[in-house]
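Quick notes on the structure that follows.
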Ligand code: NI
Ligand code: MN
């Protein structure tokens, strides 16, 4: 299975199915591709903020993936003519053999002033591997529970500070989740965010339990 970072919180996970998460591409100065370049089977949206919902409507209309998101976003997408699977915390959906569980994220969620439910993260199980995409979040102690319940192989964690975890708190989140590998995201996109992930990597690797892998947009990690 291969995880490719397209900048910010957008990842493509390719295995038995192609999964796209948080496709913020057109407005993202660091994205390596555009919304016309992706052909997902499954599209996951963590919350309604523009840097996550991004080009989801356009991609869903063209590629017709199965879409999963929190109930309120599924209602919004329905109004846009997109059939989406609504769900909520700790519910699991079987999307053609890929198991998607929605988990909490400590963050807000809106789109153009409209309430979009609560922000979320996802645990994805495909090809015998589990990936935890934390979405936008601060630190919360249930990350330990998510780690115990799902034993993620790969943890995709925001480190940019201000709107999400800082590098130091993201390293603390990695301790709670205890994955094999952690990849930082949500940094370097805009001037207000942390620019580099080196501090995060040093803090994580000092603990000696999890491997920290820093990707550049367009780069992949094989797991
Ligand atoms: Ni957000
Ligand atoms: Mn964000």
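Numbering (my numbering), first residue to last: 1115 to 1337.
Positions of the beta carbon are idealized from the N, C-alpha and C atoms, including for glycine.
Enclosing alpha helix (DSSP H) for residue i [first to last residue]
{"i": "residue 1144", "result": "Run containing residue 1144: none; DSSP gives neither H nor E here."}
{"i": "residue 1248", "result": "From DSSP, residue 1248 is part of no alpha helix (DSSP H); its letter is neither H nor E."}
{"i": "residue 1285", "result": "1281–1291"}
{"i": "residue 1167", "result": "1164–1167"}
{"i": "residue 1156", "result": "That residue, residue 1156, is in no alpha helix (DSSP H); its beta strand (DSSP E) goes 1156–1158."}
{"i": "residue 1328", "result": "Here residue 1328 belongs to no alpha helix (DSSP H), and DSSP marks it neither H nor E."}
{"i": "residue 1170", "result": "1170–1177"}
Contact check, residue i vs residue j, beta carbons under 7 Å
{"i": "residue 1287", "j": "residue 1318", "result": "no"}
{"i": "residue 1299", "j": "residue 1123", "result": "yes"}
{"i": "residue 1250", "j": "residue 1337", "result": "no"}
{"i": "residue 1253", "j": "residue 1274", "result": "no"}
{"i": "residue 1257", "j": "residue 1295", "result": "no"}
Start and end residues, beta strand (DSSP E) containing residue i
{"i": "residue 1132", "result": "1132–1135"}
{"i": "residue 1235", "result": "1234–1240"}
{"i": "residue 1334", "result": "1334–1336"}
{"i": "residue 1271", "result": "1268–1272"}
Close beta carbons around residue i, own chain, < 7 Å, minus the five adjacent residues each side
{"i": "residue 1144", "result": "1121, 1122, 1302, 1303, 1331"}
{"i": "residue 1148", "result": "1139, 1140"}
{"i": "residue 1329", "result": "1119, 1297, 1335"}
{"i": "residue 1283", "result": "1253"}
{"i": "residue 1327", "result": "1295, 1297, 1335"}
beta-carbon residue i near ligand 4 non-hydrogen atom, thresh 6 Å
{"i": "residue 1179", "result": "Ligand 4 is not part of this structure, which contains only ligand 1 and ligand 2."}
Sequence-distant residues of its chain with Cβ nearer than 6 Å to residue i (five each side left out)
{"i": "residue 1181", "result": "1157, 1174, 1198"}
{"i": "residue 1324", "result": "1288, 1293, 1296, 1318"}
Chain-order list of residues whose beta-carbon lies under 8 Å from that of residue i (same chain, five-residue window excluded)
{"i": "residue 1224", "result": "1162, 1163, 1230"}
{"i": "residue 1171", "result": "1191, 1194, 1196"}
Beta bridge counterpart(s) of residue i as assigned by DSSP
{"i": "residue 1206", "result": "1215"}
{"i": "residue 1199", "result": "1182"}
{"i": "residue 1117", "result": "1127, 1335"}
{"i": "residue 1224", "result": "1229"}
{"i": "residue 1295", "result": "1268, 1325"}
{"i": "residue 1244", "result": "1239"}
Closer than 7 Å to chain C by CB, residue i
{"i": "residue 1258", "result": "No chain C is present in this structure, which holds just one protein chain."}
Around ligand 1, what residues have a beta-carbon under 5 Å from a heavy atom of it, in chain order? Working through the chain, the matches are 1163, 1250.
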